[in-house]
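K.L.:
Each residue of the sequence shown is one higher than the one before, starting from 121 at the first, in my numbering.
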Amino acid sequence: MKKILLLLTISIISMSCVPKIALTADYWQKPTKVGILLNAGEPTKFREGSQGLLDLAVTSGDKYKEALDLIGKNVQPKEELTVLYTDALKTKGKEVVLITEKFDPKTATKFKGEKADGKKYPTYDFSSYKNKYGIDELLFVNVNYGFMISYYGMIETGKAAYTGITTQIIDLNDQHLILSNPNAKQEILKKWKDNNYENSINGVRTAFDKLKEDEKTIFK
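#1: Checking the sheet assignment: what are the DSSP bridge partners for Met268?
#2: Out of Lys239, Asp245, Ala142 and Lys222, state which residue places its alpha-carbon closest to the alpha-carbon of Thr229.
#3: Assuming Leu158 and Val261 are in contact, meaning their beta carbons sit under 8 Å apart, how far apart are those beta carbons, in whole angstroms?
#4: For Ser320, does the count of other Cβ atoms within 10 angstroms reach 16, so buried, or fall short, so exposed?
#5: Enumerate, from N- to C-terminal direction, the unbroken alpha helix (DSSP H) stretches of 4 or more residues contained entirely within the segment 176-263.
#6: Quick one: is Thr229 near chain B, going by C-beta distance under 8 Å?
#7: Please go through the same chain and pick out, in chain order, the residues whose beta-carbon is closer than 6 Å to the beta-carbon of Pro139, but skip the five residues on each side of it.
#8: Can you round the beta-carbon distance between Tyr271 and Gln306 to whole angstroms, since I take them to be within the 8 Å contact cut?
#9: On the criterion of 16 or more Cβ atoms from any shown chain inside 10 Å, does Lys66 qualify as buried, or is it exposed?
#10: Quick one, are the C-beta atoms of Phe339 and Lys212 less than 8 Å apart?
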């Protein structure tokens with residue numbers, strides 16, 4: 121069967137397409153109200169490498185389920201990142217609105233509005249959030265975490281603890297991106313099952329903590 125190249129997973133492929141845009145120096149001088157919408161699901165197994173359809177089927181079992189369940193109990197990105205962003209924005213004089221509704225990328229409306237030259241735009245249409253929550257901007261954060269498994273066919277060639285994040289601030293007046301920052305961290309795992317998956321849990325914790333430190337620098 122002809123091999124197909126998997127660039128990590130669909131969610132991580134989309135990360136590779138996200139532009140990188142830094143905040144401008146005058147951003148903090150504007151007294152805007154910012155909504156925070158954090159999308160962080162359960163930890164899961166991601167793939168990278170070359171696999172055919174049969175290989176995918178054979179390697180799609182629940183070998184990692186028990187470890188992922190424990191990771192989910194010990195590493196909770198949504199709660200920690202909400203505190204980080206809230207404190208960072210308020211310290212800089214922004215008014216913050218926490219948005220608790222769930223975001224589903226499978227059903228969310230894609231952005232199809234007009235695009236001005238020189239501006240970048242998000243994948244999704246967030247225009248309804250402006251009036252619904254009375255906000256000027258939206259901080260949208262998408263988080264993925266768990267295992268990154270490398271494959272060659274049906275053979276595992278590597279295993280790592282993984283955390284990936286995309287942070288964006290959208291100006292809801294025209295939906296252009298004020299900030300866009302995709303980032304990912306990995307920690308190589310060897311004895312991932314030992315001590316009730318302690319190494320796996322600590323690996324994801326370490327990868328996530330490194331990302332948190334990077335996120336802090338965005339809002340300085």
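Ideal Cβ positions, reconstructed from N, Cα and C, are used throughout, including at glycine.
These numbers were taken from a predicted model, which means no experiment stands behind them.
P.N.:
With the given structure in hand:
#1: Phe166 and Ala280
#2: Asp245
#3: 5 Å
#4: buried
#5: 185-194, 197-211 and 248-253
#6: Here there is only one protein chain, and chain B is not present.
#7: Lys240 and Ser300
#8: Tyr271 to Gln306, Cβ: 15 Å. No contact.
#9: Because the chain is modelled from 121 through 340, residue 66 falls outside the range shown and cannot be assessed.
#10: yes
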